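Numbers given in this note's numbering equal positions in the sequence shown, counted from 1, plus 4. Ideal placement from N, C-alpha and C gives every residue a C-beta, glycine not left out. Just so we're clear, the structure is a prediction, and the values are computed from it rather than from any experiment. Scroll down for the structure; my scribbles are underneath it.
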Amino acid sequence: MENFILYEEIGRGSKTVVYKGRRKGTINFVAILCTEKCKRPEMTNWVRLTHEIKHKNIVTFHEWYETSNHLWMVVELCTGGSLETVIAQDENLPEEVVREFGVDLVTGLHHLHRLGILFCDLTPGKILLEGPGTLKFSNFCLARVEGESLEEFFALVAAEEGGGDNGENTLKKSMKNRVRGSPIYAAPEIMKGTDFSVASDLWSLGCLLYEMFSGKPPFFSETVSELIEKILYEDPLPPVPKDSSFPKASSDFINLLDGLLQKDPQKRLSWEGVLQHPFWKDALRREDSVSASASASEDCIFSSRNVMECSGPQDSRELLQSPQNGPGKGQKAAPRLSLSFRLDNPTELRPKSATGGQLNESIFLLSSRPTPRTSAMVGLSPGEGEDTSSPQTSPLSKFQLLIQHLRIAPNWDIRSKVARVIGLLASHTTELQENVPVIEAITLLTELIRENFRSSKLKQCLLPSLGQLIYLVATQEEKKQHSRDCWAVPLAAYTVLMRCLREGEERVVNHMAAKIIENVCTTLSAQAQGFITGEVGPVLWHLFRHSTVDSLRITAISALCRITRQSPAAFQNVIEKVGLNAVISSLASAICKVQQYMLTLFTAMLSCGIHLQRLIQEKDFVSTVIRLLDSPSTAIRAKAFLVLLHVLIHNRDMLLLSCQARLVMYIERDSRKTSPGKDLQGGSEYLARCLDLLIQHMVQEPPRILGDILNALANVSGRKHPSTVQGKQLKMCLPMMPVVLHLVMSQVFRPQVVTEEFLFSYGTVLSHIKSVDLGETNLDGAIGMVAAEEFIKITLSAFEAVIQYPVLLADYRSTVIDYILPPLVSLVQSQNVEWRLFSLRLLSETTTLLVSQEPEDGDEEASCDSNNSLLVLIRDELLPQYEHILLEPDPVPAYALKLLVAMTEHNPAFTRY
């Protein structure tokens, strides 16, 4: 550290000391952090995220060094302390100051998000004040690139420092606690285990604004468990300043906090809502106008550096690779962060280690900027770059030169960079000409991987580019709708990728290979067909079942799902190898995406008839699928309905099990959510379509069930001793009657199920029950007394459900009177007390409803005829039994009197009978 003079200590942490310093020969004062080497992952993360950022609200990184015992980082000096100190000293800040500070916070955080960086642990202690009062974001130890795993990155840094990957899995586990920030400012979804996002950073921003105004965070507790409960389930109190002399919070400020502190990230304010919020008045507009030129300048800087954004299969190891050149001149895209540098080539973004007598030499000086690359390698003249801003212009016109460099490069450092450039070009190409030697590049990459198959790092470097090229060819062929001989991927490429899937490979390599298969098989192309082999299904399933990394498990099952779409035999091979029960058990996975992919696989199997008889007879399978209807995911529920539809189409008996497992309740719940008139979007529309298909099928079942029951009863009608075959038929058909009851009790099915044909069939069933009651037909001997009584009870209950909705009686008045009431009147005289009471109650309630309904215009004559029929039925069949009925125990007389009251009120002349 001979190039710097250290002054006083200005801050201290558990393993870090911060000094005020000055570079020799200048008057530039800086902050110098001296950190123990155990903090290398955190410091490396800070450097790789901020080394190119120049922004007035972000502490500028200058350079860093490594000595024998410590890491030294030189950053911009902020003399005003931290925001945490300011809040502690002042207790609370006026709203005007909160607005002024908030503008700095919003400006800095928005800039980070534009670069793809999530701050993740936004606390007052990490916000520093410059002399004039400008707030600056500092301490990026726990920040991350959006979508990456910080645990993997930390573990990889530690593994590289340790000289290998042998302990990487152990390191990943030990890193879990290191990547956790302060729970006080963490969003509810983070507490539930969701990954950090832009929305979670905006929640933390809301917490800071709240604390600046009120002097305390919106949620606080002495215990972590209680704090988590508050964050998840309690609403914050309105912010009140500690100093009562301060004015109360304005309505705009409270509205802003309410928007930022929404527990549902989908309802939380987005950047558009934050930036346009009236609380800022004109402060943000002024800020935008001041920083516009600076932003444009920075865009130019970033466009001339590495602006590569990760695409395709990527692992945390790729985030450690050295920066590459960005797009050509004229790039118009928003600047993105340089995400890649390698620890095995630390000449740019890693501190140099001191050895021997070099401790006092100035070799520790390390520019944070990558060495500029010349455009000569890709054959671009200064003027050519102006045309590359068009998305339709393919940079692959210079592709042959890159292939030559990949083949003849003197070392792997250059080869890896060329391979990444090829992958980037492939990922951004929208139109591929047939004369571009893309297959030559695929062949060369395949050979390089095969020749260096023992090197996991080289495979991780080359596989993404190979995958991007194959995916590019597949998408282009799908777009042109016919195969091209010049785009035939060599079999060796498929062989290499299948080898990368096998057990024994590093999980990162497994993940990349699975991701390539997943991406390519989303297309309907010849390239996708190359992955369809007998072993691909079981290999992907093995990855899914035995991996401990959720992202790899999801990718593996997703790849299997996409292969099954093109060849259901792939999933059939899995079932035959591991067994149907093992596959069904995977439906109970706690990962929503896994459940979704598994349901898709089973739908594909059922729709093509593979293992059809085994699946539709498996009760555990149906029960497990129905339990998935409790899922909060609309996609999972929709696919579960689709699987059940295929099962019920081929096995009506499963409808009884499904109804007993509350299928009808789930259908009613989701029908309300997708009812006509609601604005359906995305998954809800898909759910509605799947639900409609299932409902349409189930509506057709009651007439079929009643038809089967009538056939079975007709065969034994009048027989005292049914045959064995007839008894077996009854045992198959009569237990399905509860299905009819479930459907007529449902407001979704009832209007479609209860028709004139249905009521006619139902009345015929009652006539057979009358025959059973009179002893003309013997059901007890065929199916047992308990089953026979249960059948009759459920049959009567079905009509009880119908009469709960008088409009149905009005629509089919004549059918009810002519075909249903006569057998009911007969059952009132039954020797079975339960049937007699049930029938009389139904008869009483039905008659009351029928005689009280006013006839519609034009139906007076038909209504009069039906009423006369009802009157004759009661008079001739029931009235002679009334003396005996009225002498029975309660509540039989009550129902009989209710019937008489209804009849006499409708027709006073009835009293003379």
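Give the secondary structure of M807 by DSSP, where H, G and I count as helix, E and B as strand, and everything else as coil.
The residue given as residue 807 occupies position 803 in the sequence shown. Going by the sequence as given, residue 807 is Ile instead of Met. In this structure, I807 counts as coil in the three-state DSSP scheme.
Do you know offhand how far T628's Cα is from L213's?
Within the sequence shown, residue 628 is the residue found at index 624, counting from 1. Within the sequence shown, residue 213 is the residue found at index 209, counting from 1. So the two alpha carbons sit approximately 47 Å from each other.
Using only CA atoms, which one of R52, T64 and V90 lies nearest to V78?
Position 74 of the sequence shown, counted from the start, is the residue given in the question as residue 78. Among R52, T64 and V90, the Cα nearest to that of V78 is on T64.
So, for A478: in the same chain, excluding its five sequence neighbours on each side, which residues have a beta-carbon less than 7 Å away from its beta-carbon?
Your numbering for residue 478 matches position 474 in the sequence shown. Taken in chain order, the residues that qualify are V524, T527, S529, Q531 and A532.
How should C490 be labelled, buried or exposed, when 16 other C-beta atoms within 10 angstroms of its C-beta is the threshold for buried?
Counted from its first residue, the sequence shown places residue 490 at position 486. Exposed: under 16 other Cβ atoms inside 10 Å.
Can you tell me which residues form a DSSP beta bridge with K902?
Locating residue 902 in the sequence shown gives position 898, where the first residue counts as 1. In DSSP, K902 forms no bridge with anything.
Considering only DSSP beta bridges, list what T34 is partnered with.
As a working note, residue 34 is residue 30 in the sequence shown. Correcting the residue type first, residue 34 is Val in the shown sequence and not Thr. V34 pairs with G25 and E80.
Go ahead and pull the three-state DSSP assignment for R103.
The residue given as residue 103 occupies position 99 in the sequence shown. Looking at R103 - three-state DSSP - the assignment turns out to be helix.
Please work out which residues of its chain come closer than 6 Å, Cβ to Cβ, to K735, disregarding the five sequence neighbours upstream and downstream, and give them in chain order.
Position 731 of the sequence shown, counting from 1, holds the residue named residue 735. Answer for K735: I787, listed in chain order.
Under 8 Å by Cβ, that's how I've got L616 and H654 pegged, so tell me the actual separation to the nearest angstrom.
Here the question's residue 616 lines up with position 612 in the sequence shown. Here the question's residue 654 lines up with position 650 in the sequence shown. Contact flag correct, Cβ pair sits at about 6 Å.
Which residue spans inside the segment 456-507 form an unbroken alpha helix (DSSP H) run of at least 4?
Runs of the alpha helix (DSSP H) inside the segment 456-507: 460-484 and 495-505.
Quick one: give me the first and last residue of the alpha helix (DSSP H) that F257 is part of.
Working through the sequence shown from its first residue, we reach residue 257 at position 253. Element bounds for F257: S255 to L264.
Where does K140 fall in DSSP's three states?
Position 136 of the sequence shown, counting from 1, holds the residue named residue 140. DSSP places K140 in strand when its eight states are reduced to three.
Enumerate in chain order the residues of its own chain whose CB-to-CB distance from S571 is below 7 Å, with the five nearest sequence positions on each side excluded.
One-based indexing of the sequence shown puts residue 571 at position 567. Around S571: I536.
Among K60, T71 and L75, which has the Cα closest to the Cα of V51?
Translated into the one-based positions of the sequence shown, residue 51 becomes position 47. Out of K60, T71 and L75, L75 has the C-alpha closest to the C-alpha of V51.
Mark I630 as exposed unless 16 or more other C-beta atoms lie within 10 angstroms of its C-beta, in which case mark it buried.
Looking up residue 630 in the sequence shown gives position 626. Buried, since its Cβ has 16 or more Cβ neighbours within 10 Å.
Reducing DSSP to helix, strand and coil, say where G197 ends up.
Sequence index remark: in the sequence shown, residue 197 carries index 193 (1-based). Here G197 sits in coil by DSSP.
Looking only at its own chain, which residues have a Cβ that is under 8 Å from the Cβ of V513, when we skip the five neighbours before and after it?
Numbered from 1 along the sequence shown, position 509 holds the residue referred to as residue 513. Result list for V513: S460, K463, Q464, L467 and C504, in chain order.
Go ahead and pull the three-state DSSP assignment for D319.
For the purposes of this step, residue 319 is identified with residue 315 of the sequence shown, where counting begins at 1. For D319, the predicted structure reports a pLDDT of 39, less than 50, and the residue's modelled location is therefore unreliable. A value from the coordinates is still provided. Coil, per DSSP.
So what's S229 in DSSP terms, helix, strand or just coil?
Start at 1 with the first residue of the sequence shown, and residue 229 comes out as number 225. S229: helix per DSSP, three-state reduction.
Straight-line CA distance for Q404 to T499?
Position 400 of the sequence shown, counted from the start, is the residue given in the question as residue 404. Position 495 of the sequence shown, counted from the start, is the residue given in the question as residue 499. Going from the Cα of Q404 to the Cα of T499 covers about 25 Å.
Which residue marks the beginning of the alpha helix (DSSP H) containing F403, and which one marks its end?
As a first step, residue 403 must be located in the sequence shown, where it is residue number 399. Element bounds for F403: F403 to I412.
So I824 is in the beta strand (DSSP E); what residue range does that whole segment cover?
Looking up residue 824 in the sequence shown gives position 820. Careful: I824 lies outside any beta strand (DSSP E) and carries neither H nor E.
Quick check on DSSP: helix, strand or coil for R3?
Outside the modelled stretch of the chain, which goes from 5 to 917, sits residue 3, for which no answer is possible.
If you follow the alpha helix (DSSP H) that W275 is in, where does it begin and where does it stop?
Position 271 of the sequence shown, counted from the first residue, corresponds to residue 275. Where W275 is concerned, the enclosing alpha helix (DSSP H) stretches over W275 to L279.
Excluding the five sequence neighbours on either side, which residues of its own chain have a C-beta within less than 6 Å of the C-beta of L882, listed in chain order?
Residue numbering aside, residue 882 sits at position 878 when the sequence shown is read from its first letter. Correct list, in chain order: V829.
Does the Cβ of I889 lie closer than 8 Å to at least one heavy atom of the ligand FAD?
In terms of ligand content, the structure shown is empty, and the ligand FAD therefore cannot be addressed.
Where does H918 fall in DSSP's three states?
Because the chain spans 5 through 917 in this model, residue 918 falls outside it and cannot be assessed.
On the DSSP bridge list, what partners appear for F224?
Residue mapping note: residue 224 aligns to position 220 of the sequence shown, counting from 1. DSSP, once it has assigned bridges, lists no residue as partnering F224.
Helix, strand or coil for V752 per DSSP?
Here residue 752 refers to the residue found at position 748 of the sequence shown. V752: coil per DSSP, three-state reduction.
Which one or two residues does DSSP pair with T607 in a beta bridge?
Stepping through the sequence shown from its first residue, residue 607 is reached at position 603. None, per the DSSP bridge assignment.
I need the boundaries of the beta strand (DSSP E) containing W68, first residue and last residue.
Stepping through the sequence shown from its first residue, residue 68 is reached at position 64. Counting along the chain, the beta strand (DSSP E) containing W68 begins and ends at F65 to E70.
With distances taken between CB atoms, is the gap from N96 to K252 smaller than 9 Å?
Within the sequence shown, residue 96 is the residue found at index 92, counting from 1. Within the sequence shown, residue 252 is the residue found at index 248, counting from 1. Taking 9 Å as the Cβ cut-off, N96 and K252 do not qualify as a contacting pair.
Looking at the structure shown, is I671 part of a helix, part of a strand, or coil, going by DSSP?
Here residue 671 corresponds to residue number 667 of the sequence shown, with the count starting at 1. In the structure shown, I671 sits in a helix (DSSP, three-state: H, G or I).
Counting Cβ pairs closer than 8 Å, one from the segment 129-147 and one from the segment 105-112, do we hit at least three?
Yes, since at least three Cβ pairs between the segment 129-147 and the segment 105-112 fall closer than 8 Å, the two stretches touch.
Would you list the residues sitting across from V149 in a DSSP beta bridge?
For this step, residue 149 is matched to residue 145 along the sequence shown. V149 is bridged to I121.
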